[in-house]
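*Asks:* Here you go, one structure.
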Amino acid sequence: MLFFEVMMNRKHQITRIYMGLKIIIRHLLSKKKYRNAFKFLFILLFILLLYNSYIFTVEHFFFHLNYITVLENNPHVDPNNKICVLPSLDPWDERVKQYFFKVPPVTCQQIQPYLTHVTQDGILQWNRSEPNLDELTAQLECDYQEILKDPNSDDKIKLSEVKKFTGNTPLTNAFVKIICTKDGNHFYHNIHAWLPPKIIENVTKSSRTSIQIFILDAVSQPNFIRQLPSTYNVLTQEMSSIILTGVVKLGCNTFPNIGALLTGNYVYDPKLPNHDESFDSWPFLWKNFSDVGYVTIFGEDVPEYNTFNYLDTGFKKQPTDIYMRPFWLSMLDDRRSSEHCFGNSLQTRIMIDYLKTCTESLRGYPFFMMTNLMQMSHDEMNLLQNLDVDLTEYLRWFRQTSTNTILIVMSDHGINFGPFRSTQLGRVESAFPFFAISLPESLSKSYPHLERNLRANRRRMSTFYDVHDTLMDVSMLRYDKPRHPWSEYGFSLFYQLPVDRTCQSTGIPSEYCPCEIEIPLGSNSSKDIELAAQALVSDVNRKLSVEPRCPPLSLLEIKSAIKVLPNGSTAKAKGFVNIYRIVVNVLPSRAFLEAKMQNDAWVKVFVVVGSVTRVDKFGNSTRCVADKNLRNFCYCNN
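And the structure:
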């Protein structure tokens, strides 16, 4: 009924305008010299009125059909919210239960004795706690090499000359590998890490607050609670960490999210320096901290998927004082143990132990440390359970040991593929990475408003641009000054975020915007959905057409369809677009592809909004192409 009332009002308005103009023009036309000109103007004006009325009618009919009618058929939906209402995510939602289960613990084969270690002052020596050490070492021939970054490639390592090891050997560089043979056969192999004194030669001890960012790849806020209950309890109960439940991802994978945190920029913005050869010239946060006297450390534990190396160029120059990629590349090349292990130890435990080493060695020195653990969470959401004990122990150690460090425990996004991700709930969860921040007591006491404002922001929409600006405030000691905008979209979390933020004002791409109304539909409930699905497949095929090794895809089935509506603050007939979120299954790859599709009153053909996402695992079937834009969709001919 609303549509017809609007149209009747419109008709009366046009009639009144017409009658008024008719009186004026009749008076003017009584004067002969104006008669022809006014006839022409009258005809032109009448045509314009008709055209305007036609535009109005078409757009309002389209709006009524695709918005008003949908709301009338879904009375439970409230379209009148003037601000973004973030979804309330329950970790124990009934829909999750079939995907959440306990997994067997990951155990490492004890393939060798613990023969060597490196002391805090950089001495490679025998491990005297090993039983029968002297008898054993008398039978061994051991060599060691220090591990360095290759100056010409971020995908290779450079090794120092081979030297004999007999015990108590001083080292120069942070990473070293040692290999021992017995009777000519491989017997022992290990890689050690420490923090060389040369790292702090030009750094002055100070009371400046350090930064430690501990990233767990692909962990949503609800999945952190499900998989790491003890860790979560330590953060919230023992450390009084502030959990920000409104952090929204900015991209599908690690690169756009961590890139935004580190640079304050959308990573595909052409204003950023070209990275065809390397990321060396990008404006990373660690450069700001280095400039003000911080030691900088960056490490990720799965070289193949490192943030700036996956199908990308990485760094030519070492980006931070301690750069762990050569360490993990060496480990990848030399691994002989079971999955997720090196030697006798979990690789995640090796990373955590090194964090302790660095923290202890840098006591009194300000540092910026960022590490990203992918090993237990990138590919499978339940494997993360294996980290709960180690993370609990580490956080308790951190609480006792670190006195002046901001600790951020976070993720970049939720799980990106697999059965759960292809559900509506899995998609929503994937947009909300876990984020917790703990301020040191010294900072909270000096500037109590910082923690007060962080707590006020707990449930407000925020992004990694905001995290970037917060850390910039730390680097520039802006704790009690008017807010400074360090990036286009960022808003420091040390200040209260506006409650009326929108996806547009925060820089969140449309395909990840959590502010819209979503109404699940049947997968074949309308012709529009079929047209949208076909348009999605056609869009991907246009991209694949440039690569002869990638055959075109065809639609197998529509797995799900969701009607997407703007909230009441943005819904208008003029310029209204009709949007569906579609998940399709395609041949020959049987891939599941997801995208937002839209059309409007004038362009009936559906187009992709933002980007198409693949939500299933694809293994090696796409390895014939290296292009980031094609890798997710290609099903290689061979």
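Each position in the sequence shown, counted from 1, maps to that position plus 403 in my numbering. Think of the CB as a built atom: it goes at the ideal place given N, C-alpha and C, for glycine as much as any other residue.
1) Nearest to K1031 by CA position, among S563, P686, Y708 and V606, is which residue?
2) So, are the CB atoms of T1016 and A998 less than 8 Å apart?
3) What residues in its chain sit with their C-beta under 7 Å from that of V565, if we drop five residues either side in the sequence?
4) Please list the terminal residues of the continuous beta strand (DSSP E) segment that includes A596.
5) Determine contact between the region 647 to 662 and the region 832 to 841, defined as no fewer than three beta-carbon pairs at a distance below 8 Å.
6) Excluding sequence positions up to five away, which residues of its chain have a Cβ less than 7 Å from the Cβ of Y850?
7) Suppose you measure from the CA of H871 to the CA of L798; what does that come to, to the nearest Å?
8) Give the secondary structure of V637 by DSSP, where H, G and I count as helix, E and B as strand, and everything else as coil.
9) Considering Cα atoms alone, identify which of C918, Y517, K608 and M727 is closest to Y591.
10) For a quick check, are the C-beta atoms of N785 and V509 less than 8 Å apart?
11) Expressed to the nearest angstrom, what Euclidean distance is found between the alpha-carbon atoms of Q513 and S733?
12) Counting pairs of Cβ atoms below 8 Å between the region 799 to 811 and the region 756 to 763, do you hit three or more?
13) Can you tell me where the alpha helix (DSSP H) with K759 in it begins and where it stops?
14) With a CB to CB cut of under 7 Å and the five nearest residues on each side skipped, what residues in its chain are close to M794?
15) If you follow the alpha helix (DSSP H) that N626 is in, where does it begin and where does it stop?
16) Below 6 Å CB to CB, which residues in the same chain sit around I922 once its five sequence neighbours on both sides are set aside?
17) By how many angstroms is the C-alpha of M772 removed from the C-alpha of G570?
18) From the DSSP secondary-structure annotation, give me the bridge partner or partners of H520.
19) Name the DSSP bridge partner or partners of L958?
20) Output the distance between the C-alpha atoms of S681 and K674, rounded to the nearest integer angstrom.
21) With H, G and I counted as helix, E and B as strand and the rest as coil, what does DSSP make of M734?
22) Taking 8 Å as the cut-off, decide whether the C-beta atoms of N712 and D553 are in contact.
23) Between N593, L853 and N588, which lies nearest to W529 when the distance is taken from Cα to Cα?
24) Give a yes or no on whether the C-beta atoms belonging to L846 and T612 are separated by under 8 Å.
25) Is the beta carbon of Y768 sitting closer than 8 Å to the one on I961?
26) Going by C-alpha to C-alpha distance, which of E950, T1025 and R945 sits closest to S957?
27) Using three-state DSSP, classify F466 as helix, strand or coil.
28) If you pair each beta-carbon of the region 522 to 542 with each one of the region 661 to 677, do three or more pairs fall below 8 Å?
29) So what does M813 bridge to, in DSSP terms?
30) For T575, count neighbouring Cβ atoms within 10 angstroms of its own Cβ and tell me buried if that reaches 16, exposed if not.
31) Assign S814 to buried or exposed, taking buried as 16 or more other Cβ atoms, counted over all protein chains shown, within 10 Å of its Cβ.
32) Can you grab the Cα-Cα spacing for the pair P912 / N668, in whole Å?
33) Measuring alpha carbon to alpha carbon, tell me which of V1018, N1040 and V1012 ends up nearest T1025.
34) Assign C1012 to one of three DSSP states: helix, strand, or coil.
35) Look up V409 in the DSSP assignment and say whether it is helix, strand or coil.
36) In terms of alpha-carbon separation, which member of K485, D724, Y502 and D672 lies closest to P599?
*Replies:* In brief:
1) By one-based count along the sequence shown, residue 1031 stands at place 628. Distances from the CA of K1031 to each of S563, P686, Y708 and V606 were compared; the closest alpha carbon is that of Y708.
2) Here residue 1016 refers to the residue found at position 613 of the sequence shown. Here residue 998 refers to the residue found at position 595 of the sequence shown. In contact: T1016 and A998 (Cβ atoms closer than 8 Å).
3) Translated into the one-based positions of the sequence shown, residue 565 becomes position 162. Answer for V565: D546 and Q548, listed in chain order.
4) Locating residue 596 in the sequence shown gives position 193, where the first residue counts as 1. Where A596 is concerned, the enclosing beta strand (DSSP E) stretches over N588 to A596.
5) When Cβ pairs closer than 8 Å are counted between the two stretches, the region 647 to 662 is seen to touch the region 832 to 841, the count reaching three or more.
6) The count along the sequence shown starts at 1 and reaches residue 850 at position 447. Here the set comprises Y882 and D883.
7) Walking along the sequence shown from the start, residue 871 turns up at place 468. Walking along the sequence shown from the start, residue 798 turns up at place 395. Their backbone Cα atoms lie some 23 Å apart in a straight line.
8) Within the sequence shown, the letter at position 234 stands for residue 637. Under the three-state reduction of DSSP, V637 is assigned to helix.
9) As a first step, residue 591 must be located in the sequence shown, where it is residue number 188. If we check each option's Cα against that of Y591, Y517 comes out closest.
10) As a first step, residue 785 must be located in the sequence shown, where it is residue number 382. As a first step, residue 509 must be located in the sequence shown, where it is residue number 106. With a cutoff of 8 Å on beta-carbon distance, N785 and V509 are scored as not near each other.
11) The residue labelled residue 513 in the question sits at position 110 within the sequence shown. The residue labelled residue 733 in the question sits at position 330 within the sequence shown. The C-alpha of Q513 lies about 20 Å from the C-alpha of S733.
12) Contact between the region 799 to 811 and the region 756 to 763 is present: 3 or more CB-CB pairs across the two stretches fall below 8 Å.
13) As a first step, residue 759 is located in the sequence shown; it is residue number 356 there, counting from the start. First-last of the alpha helix (DSSP H) with K759: Q750 to S764.
14) For the purposes of this step, residue 794 is taken as the residue at position 391 of the sequence shown. Note on residue identity: the sequence assigns Leu, not Met, to residue 794. L631 and T634, listed in sequence order.
15) Counting from 1 along the sequence shown, the entry for residue 626 is found at position 223. Counting along the chain, N626 sits inside the alpha helix (DSSP H) bounded by residues Q624 to Q630.
16) One-based indexing of the sequence shown puts residue 922 at position 519. Cβ neighbours of I922 beyond the five flanking positions: N477 and K966.
17) Here residue 570 is taken as the residue at index 167 of the sequence shown, counted from 1. Here residue 772 is taken as the residue at index 369 of the sequence shown, counted from 1. Note on geometry: alpha-carbon atoms of G570 and M772 lie some 31 Å from one another.
18) The count along the sequence shown starts at 1 and reaches residue 520 at position 117. Paired residue(s): Q528.
19) Along the sequence shown, one-based indexing puts residue 958 at 555. Answer by DSSP bridge pairing, in chain order: V989.
20) Translated into the one-based positions of the sequence shown, residue 681 becomes position 278. Translated into the one-based positions of the sequence shown, residue 674 becomes position 271. C-alpha separation (whole angstroms): 16 Å.
21) Counting from one through the sequence shown, the residue named residue 734 turns up at place 331. In the structure shown, M734 sits in a helix (DSSP, three-state: H, G or I).
22) Start at 1 with the first residue of the sequence shown, and residue 712 comes out as number 309. Start at 1 with the first residue of the sequence shown, and residue 553 comes out as number 150. If you check the CB distance, N712 and D553 do not come in under 8 Å.
23) Taking the sequence shown and counting its residues from 1, the one referred to as residue 529 is at position 126. It is N593.
24) In the sequence shown, residue 846 corresponds to position 443, counting from 1. In the sequence shown, residue 612 corresponds to position 209, counting from 1. Contact: yes.
25) The count along the sequence shown starts at 1 and reaches residue 768 at position 365. The count along the sequence shown starts at 1 and reaches residue 961 at position 558. Inclusion of Y768 and I961 in the CB contact set at 8 Å is not warranted, their separation being larger than that value.
26) Stepping through the sequence shown from its first residue, residue 957 is reached at position 554. Among E950, T1025 and R945, the Cα nearest to that of S957 belongs to R945.
27) Here residue 466 corresponds to residue number 63 of the sequence shown, with the count starting at 1. Look at F466 here: in three-state DSSP terms it is helix.
28) They do not touch, by the three-pair rule.
29) If you number the sequence shown from 1, residue 813 lands on position 410. According to DSSP, which records beta bridges pairwise, M813 is partnered with I618 and F838.
30) Walking along the sequence shown from the start, residue 575 turns up at place 172. It counts as exposed.
31) For the purposes of this step, residue 814 is identified with residue 411 of the sequence shown, where counting begins at 1. The residue is buried, with at least 16 neighbouring Cβ atoms inside 10 Å.
32) What you label residue 912 is simply residue 509 of the sequence shown in a count that begins at 1. What you label residue 668 is simply residue 265 of the sequence shown in a count that begins at 1. If you take the alpha carbons of P912 and N668, they lie about 13 Å apart.
33) Numbered from 1 along the sequence shown, position 622 holds the residue referred to as residue 1025. Nearest neighbour of T1025 by Cα position, chosen from V1018, N1040 and V1012, turns out to be N1040.
34) Against the sequence shown, residue 1012 aligns to sequence position 609. According to the sequence provided, residue 1012 is Val. The question's Cys does not apply to it. Under the three-state reduction of DSSP, V1012 is assigned to strand.
35) Residue numbering aside, residue 409 sits at position 6 when the sequence shown is read from its first letter. With a pLDDT of only 47 at V409, under 50, the local geometry of the prediction cannot be trusted, and the value read off the model is given with reservation. In the structure shown, V409 sits in a helix (DSSP, three-state: H, G or I).
36) On the sequence shown, residue 599 is found 196 positions in, with the first residue counted as 1. Distances from the alpha-carbon of P599 to those of K485, D724, Y502 and D672 put D724 closest.
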